[in-house]
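*Asks:* All letters in the sequence shown, in the order written, are residues 799 to 868 by the numbering used here. Below you will find the structure I want to go over with you.
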Amino acid sequence: MDHKTFTRFNIIGGLAWGAGIPLLGYFLGKIEFVKNNIEMAILAIVLLSLLPVILEFIKHRRSNTHSQDN
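Have a look at this one:
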């Protein structure tokens, strides 16, 4: 991808994220269920984000255990 195309997409993406995330927060904050359960939503996001790291750690640990047995 040439630099001009990359820069164009980067600017468009930055503007979309910069405007989209605050707007999403604003509108989701007006929903009573979301407002009352924001802590649980954040906890779920954190746990889901950690899941790939934990699974990779377990996978790595199992492969090391099997290689040491041989």
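We treat Cβ as the ideally placed atom computed from N, Cα and C, and that holds for glycine.
#1: What span of residues does the alpha helix (DSSP H) with Ile810 cover, start to end?
#2: DSSP on Asn834, reduced to helix/strand/coil?
#3: Just how far apart, CA to CA, sit Thr803 and Trp815?
#4: Do you know offhand how far Ala842's Cα is from Asn835's?
*Replies:* Put simply:
#1: 801-827
#2: helix
#3: 18 Å
#4: 11 Å
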